[in-house]
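For the sequence shown, full-length UniProt numbering begins at 1 and goes up steadily by one. Every residue gets a Cβ at the ideal spot worked out from N, C-alpha and C, and that includes glycine. Source: prediction; values computed, not measured. Comments concern the structure below.
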Amino acid sequence: MNQAGRLGRVEAGRLGRVEADGLDGLIYIGSIGGVEPLQRIGKATVDVLEVLLGADEPRWGLEIIKLTGRPSGSVYPLLDRLERAGWVTSTWDDDAERRGPRRRMYRLTAEGAAEARRVVARAAPAPRFAPRTAQ
């Protein structure tokens, strides 16, 4: 990549190569001791976080898509963003007895779960106050 200001895709917590204006170097993308804040938290993000918070075991992408009712074009990029920010980790399913393609399994990190609980709580609608009338 020789275009100024362009960065290659790098995973959170990994070294990535940067080439801009003829300068060549390495940068570290990630956070030290924590998760990165998310820039945008919309309803789709909240839906995915709710599914992951409610899971005792890792969930695979298609399962998350079905449970949220969101399209794959929203869910997979969102999972990628959550993983790069340190909220989620993913592994490949190693079930050799299951037929079909391997599944990518997603689970919240401990710090990601704490942040997800805060995000979901903030997104929850406020309880409606119903004033009582004097009798």
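What are the partner residues of residue i, as DSSP defines its beta bridges?
i: E87; result: According to the sequence shown, residue 87 is Trp rather than Glu. Paired residue(s): none; W87 is not in a bridge.
Nearest by alpha-carbon distance to residue i: which of the options is it?
i: T91; options: E50, E57, R99, T45; result: E57
i: A44; options: V120, R107, G112; result: V120
i: V88; options: P77, A113, V75, K66; result: A113
i: Q39; options: L82, D47, S74; result: L82
i: L79; options: P101, R99, E97, T109; result: T109
i: S74; options: Y106, F129, D47, R118; result: D47
Taking the beta strand (DSSP E) that residue i belongs to, which residues open and close that run?
i: L38; result: From DSSP, L38 is part of no beta strand (DSSP E); its letter is neither H nor E.
i: R104; result: 104–108
When DSSP labels each residue in this structure, what does residue i get in the three-state scheme?
i: R98; result: coil
i: R122; result: helix
i: I29; result: Confidence is the limiting factor: at I29 the pLDDT is only 36, short of 50, which leaves the residue's position unreliable and the question unanswerable from this model.
Would you check if the distance between the CB atom of residue i and the CB atom of residue j is smaller than 8 Å?
i: A85; j: E36; result: yes
i: L53; j: R59; result: no
i: R104; j: G61; result: yes
What are the start and end residues of the alpha helix (DSSP H) that includes residue i?
i: T68; result: 61–68
i: A55; result: No alpha helix (DSSP H) holds A55; DSSP gives it neither H nor E.
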